[in-house]
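Residue numbers (the numbering used here), protein chains in the order written: chain A, 5 to 240; chain B, 34 to 803; chain C, 2 to 85; chain D, 2 to 85.
For each residue, glycine too, the CB sits at the ideal point set by N, CA and C.
Right, one structure below, let's go through it.
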Amino acid sequence: MPSVAVVRFPGSNCDWDSLRAAEAAGADAYFVWHRDTDLRGADIVLLPGGFSYGDYLRSGAIARFSPIMQAVQRHAGAGGPVLGICNGFQILCEAHLLPGALLRNAGLTFVSKPVDVTVERTETPFTGDYELGARLRLPVAHGEGRFVAPADTLRMLEAEGRVVLRYVAATEGSPFQPNPNGSANHIAGICNAAGNVVGIMPHPERAADRLLGLTGGSGFFTSMISVTQNSAKSRI
Amino acid sequence: MTGSSVAGAVTEASPLPGEPQVTPEIIREHNLNDQEYGRIVEMLGRTPTFTELGVFSALWSEHCSYKHSKPVLKTFPTTGPQVIQGPGENAGVLRLPEGWAVAFKIESHNHPSAVEPYQGAATGVGGILRDVFTMGARPVALLNSLRFGPLDYPRNRYLFAGVVRGVGDYGNCVGVPTLGGEVNFAPGYTGNPLVNAMCVGLLRERDLIRAAAHGVGNVLLAVGARTGRDGIHGASFASEELSEKSEARRPQVQVGDPFTEKLLLEASLELITSGLIVAIQDMGAAGLTSSSAEMAARGGVGVEIDTALVPAREEGMTPYEILLSESQERMLVVAKPSRVAEIQSVCAKWELNATPIGRVTDDGIFRVRHHGQTVVAIPGQRLVEDCPVYYPEAREGDEARARRDAVDPGMPVVDLEGALEMLLDTPSIASKRWVFEQYDSTVQASTVLPPGSDAGVLRVPGAEFGLAMTVDCNSRLIALDPYEGGKAAVAEAARNIACTGAVPLGITDCLNFGNPEKPEVFFQFREACRGIADACRAFGTPVTGGNVSFYNESPTGAIDPTPTIGMVGLLPRVENRVPSYFDSPRDEVFIVGATSGILGGSAYWAEVCDFVGGHQPAVDLEAEVQLQHFLTSAAERRLLRSAHDCSEGGLAVALAEAVMGGPYVVGTLGASLDLTGYAPDVPTEGVLYGEDGARAVVTCSAASARHLIALANENQVAVFHAGRVESAGTLELQVGSDLFSWNTEALRRIYLEAIPRRMQHPDVDRAVGE
Amino acid sequence: MMTYRVHVRVMPRAGLLDPQGQAVEHALTALGFEEAGAVRVGRAIELDVEAGSRDEAETRARQMCDKLLANPVTEDYLLEVETD
Amino acid sequence: MMTYRVHVRVMPRAGLLDPQGQAVEHALTALGFEEAGAVRVGRAIELDVEAGSRDEAETRARQMCDKLLANPVTEDYLLEVETD
Ligand SMILES: Nc1ncnc2c1ncn2[C@@H]1O[C@H](COP(=O)(O)OP(=O)(O)O)[C@@H](O)[C@H]1O
Ligand SMILES: [Mg+2]
């Protein structure tokens, strides 16, 4: 059973949601505290959503310096899968594990609603179970989700196919804006060059259960399980 | 040593050097009348010190002492098999299945929000969260009930925008989903908005902890944020007395820090479940004073505090300031001395300080020292319980009676078809999507029915049951007839709960009224409470706590009376929850419950005829109970595809809301319904826009229709088959010879855009830059 | 008519809790900047103001602060007109 | 050792969309301040720095900005050490 470390920062508030979603997908999931210095041999690392350090100054700016982040850097450097959701995405950008930055929503208000996104890259540890181009409905809930990056970085992200999720308008007559926060190129999620570090603004862990109305998110968690199991096999 | 003590002094305390003399002016500035001051001197057997005066003025304020409301509140039903903790604690607690319990409470933060909408609303949410997690419950949902003046005025738009942002930012950061609420706009709230926040928490029944100090020699610890000069009672005058120049440094405004709140939440729950502590209470209104005095009184013990030990945020704070500061995110903990080290290490893990500041004593005295010198010594029980109680005169105002007896609503400004569009464009009725999109409603991954439903519903991970919750109050009905209006508020809440399939369990109330010393205001208060009590008895939903907010006076006089009802309900099997909107074409549409067509107090008269008055429909509690039974049993048997209650705007608005669908439906439905046989002898306008309670619009599959009708008959509720849901995007209503037709998409646009359109003004928030 | 560049600093009023300042100070200390203290965080606003004179630019800018840019209940502001 | 008061202005990098600045400009115009333009909104940070000299204080403050206070990807900062 693959082991999943969910990193808890002071102010994390999607830690339990992420842990449960990972367990539901069949992982051995556990918390590591921001002051810890190792990941206890985790196969996969999740940086959950929330308001680490109150999101004061800039979201993720302070959490980035937590002791545990050095272990996360090493894990990522060695090709280990890392998924940052919402605040986790912001932390990954601040830590320069992902390019760009997430700024205050163009509408200047917090936005909490379902959005439609398409999966534009399936070669990542977290999107392998999706069809390329699959359309998912996932909740967003953030005040600072506007992805920005220098023009050349954006070009590179597009050229290298590193946009993992992109906001799309729903079907005709739908109430959805194509883009809830003004992100460049409607970007909702990206990955690093190797594809093992992924950051997304929407919350798949809140959309992995029939009872909650949305189920499109479970693929993120099943994907990471399949990948680690396959790679385990291939190692044998 | 006690300069101020007279012969027969009961306790000894001496003024600090340089602290103001207790003069008649000072006494008046502390809002203590002669009777109250007389009782203080009698209680102490001497003149109080300045600091003692501050303590009395805080604990004997209306907010803490309930001196005008106590006798009336005693008439509420507060017992029942489900009640674990009734009124008197930080929150009420009700029993749930599988060893679970729910703690919930509602609280007002009206005046702070009128001064500073963002911080006022934010700290209101912070306070209600603490009330719930000090019971040992983890907050799982927030609701909010808001009132403002009309959006045509910049100040009202500013207050509305700031309050919504404040409510959202705080709850979002702590990570508690907002599952529901209400917003209303009426001239009566101009200058005095209402901000009521409700929190719902879950706990294992065995983890319940009460805020009673025990164990002589046990330690008092201050946990959390440092104490500053925020919101000090009477600081405005005290500052001049204490030091001219420091005036500027004494802000009244309390600033919230949701990050510290989140840490405090986790630390408190860890302390409670680990059994390390004896008692814990939030330092809320009147801060350290009320928390320590109330905990001591509940435990029948005394306490002794040294204010010099309290971690302060600013230099040179006096005992008066430290005792009365309302700095946020602070807790007072009682624990055995042997546990202090462990407690401090738990708090350190959450980056919080836990500082010993005093101890539990056996003499029953509330004693405060400053660097050892005794500055406050008051008999504890009497301090908390012996504030004079008042029985103000209650007399209905003449213009209130006149309004109710008025008969002629005048001419409608649009025809009956246009009236629906006009009502859906009314901010009080229109979709509140603009509001709840600023609130995280899905964090904790348990939201089953989000805002936009009749009631919010959440699941409990690992349990079968679900929890439903709502807040409701139609103040127009209270203003016209407080007794019937009080019943109506509870009835609407219960209907909203039952529509989701849940059984109403109990309520918490937030009683917002004007100055109780005005006979017409106290009449509204007394009668509304009588109505609430009668409805709660009829529904078996005891009052588990609440909050009274008097002195809500706008320039034009008292606010519209607004006793907000917060209710929770139990869904035995959460997967049986019923949505509020039409689901699929060909479903059968039924109208459950009868109408008298009375338009008194209706939104139709108010908005379309610009007339607030007349006799409103009497609330038939019997019929409400039968409707609730029908709805919950129908849900239990999985007969319902949707259920939506009729409230403001009557049947027409309820049908429109059901057809339009939820805030994010894709594609549109329609319905063509024949209401001719529903109420043959009622005029069309009454059929469409009358606001009789005990009614709901429900849909079911063709196959279930028979069973639904049978069930209705069993419960003696009238059930009328009106037609079918259709895929064509129009709503058609036939009433006798009149045929009305609306395009669903057009109605949706009106309904969804009503508030955003008015809030597009760039002046919305002077703090756009914040 | 001339164009003046105006710099406004809007800071939380002294004595008011500044959670953001606290968090930043805490972080700086953790990063080894023990010499940092008394951190306050506010907003910096820059704008062009068309006016006949420097004084007029400043007067108008003040009015903008009083009406919109600063919250009179919780904030104080400082204003500088760039000299060129 | 002396204590220096340092003022830092962290502004969104030129060319980067600044919705807050736009909203403020929009609001100013609506309030009748047509003479206002080119509004940018950033962060103002004030702090005490203990240092042996003004220059040292400035150097340390720069390090704080580079490490934490400003985001090199999207922000530029200006720094002033108060003279007393
Ligand atoms: N301030 C608010 N916060 C969250 N949700 C709200 C708020 N105001 C209204 N809502 C939601 O909008 C929907 C409509 O509210 P309301 O008109 O009061 O419905 P009802 O009349 O059935 O009580 C409800 O689901 C309610 O929870
Ligand atoms: Mg309502």
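Any Cβ of chain A closer than 8 Å to the Cβ of ALA779(B) would place that residue at the interface, and such an atom is absent.
When the beta-carbon positions are compared, ILE204(A) and GLY220(A) stay at least 8 Å from each other.
The DSSP-derived three-state label of THR459(B) is coil.
Residue contact with chain C for GLY58(A): present (Cβ-Cβ distance below 8 Å to some residue of chain C). Scanning the stretch 656-712 of chain B for uninterrupted alpha helix (DSSP H) segments of 4 residues or longer gives 683-693, listed from N- to C-terminal end.
Counting only the Cα atoms, LYS138(B) lies some 26 Å from ALA727(B).
Taking the beta carbon of LEU80(C) as reference, no residue of chain D falls within 9 Å; the closest one sits roughly 12 Å away. Scanning LYS551(B), PHE615(B), ALA433(B) for the CA closest to the CA of ALA676(B) turns up PHE615(B). Residue pairing by DSSP places LEU482(B) opposite VAL490(B) in a beta bridge. By the criterion of a C-beta distance shorter than 6 Å, VAL123(A) is surrounded in its chain by THR131, TYR134, ALA138, once the five residues flanking it on both sides are discounted.
Of the candidates PRO389(B), MET693(B), GLU765(B), THR732(B), the residue whose Cα lies closest to the Cα of HIS754(B) is THR732(B). Our two residues, VAL135(B) and ILE540(B), have alpha carbons roughly 12 Å apart in a direct line. Under the 10 Å beta carbon count, ASP395(B) is surrounded by fewer than 16 other beta carbons and is classified as exposed.
Residues of the stretch 61-74 of chain C with a C-beta atom less than 8 Å from some C-beta of chain D are ARG61, GLN64, MET65, LYS68, LEU69, LEU70, listed in chain order.
When Cβ pairs closer than 8 Å are counted between the two stretches, the stretch 249-265 of chain B is seen to touch the stretch 380-390 of chain B, the count reaching three or more. The three-state secondary structure of GLU429(B), taken from DSSP, is coil. In this structure GLU76(C) is buried. Its beta-carbon is surrounded by 16 or more other beta-carbon atoms within 10 angstroms. Against chain C, the CB of ASP19(D) has no partner CB under 8 Å away; the residue lies outside that interface. Neighbours of ARG10(D) in chain C, taken as residues whose beta carbon is under 9 Å from its own, are HIS8, ARG10, ALA45, GLU47 in chain order. Following the DSSP letters along the chain, one finds ALA24(C) in no beta strand (DSSP E) but inside the alpha helix (DSSP H) bounded by residues 20-31. In terms of beta-carbon proximity, GLY38(C) stays away from the interface with chain B, with every pair separated by 8 Å or more.
If you look at PHE55(A), you'll find it isn't in any alpha helix (DSSP H); DSSP assigns it neither H nor E. Contact residues of the stretch 477-499 of chain B toward chain A are GLN477, ALA478, THR480, VAL481, ARG492, PRO494 (C-beta to C-beta distance below 7 Å).
Against chain A, the beta carbon of ALA28(D) has no neighbour under 8 Å; the closest one sits roughly 11 Å away.
With 16 or more other Cβ atoms inside 10 Å of its own Cβ, ASN91(A) counts as buried. The beta-bridge partner set that DSSP reports for ALA729(B) consists of VAL625(B), ASP678(B). Residue-level contact by beta carbon holds for PHE292(B) and chain C, with a gap shorter than 8 Å. In the displayed model, TRP93(B) falls within coil according to three-state DSSP, outside both helix and strand. If you look at THR84(C), you'll find it isn't in any beta strand (DSSP E); DSSP assigns it neither H nor E. Excluding its 5 nearest sequence neighbours in each direction, ILE310(B) has C-beta neighbours in its own chain below 6 Å: LEU304, VAL366, ALA368, listed in chain order. Legend: CB atoms of the stretch 139-155 of chain B lying less than 9 Å from CB atoms of chain C belong to residues VAL148, GLU149, TYR151, GLN152.
Within chain C, the residues placing a beta-carbon under 8 Å from that of LEU61(A) are GLN21, ALA24, VAL25, ALA28, VAL42, ordered along the chain. A Cβ of chain C is located within less than 8 Å of the beta carbon of PHE69(A).
Judged by DSSP in its simplified three-state form, SER582(B) adopts strand.
GLU525(B): member of the alpha helix (DSSP H) spanning 515-532, first to last residue. Looking at the DSSP output, ALA312(B) sits in a beta bridge with VAL367(B).
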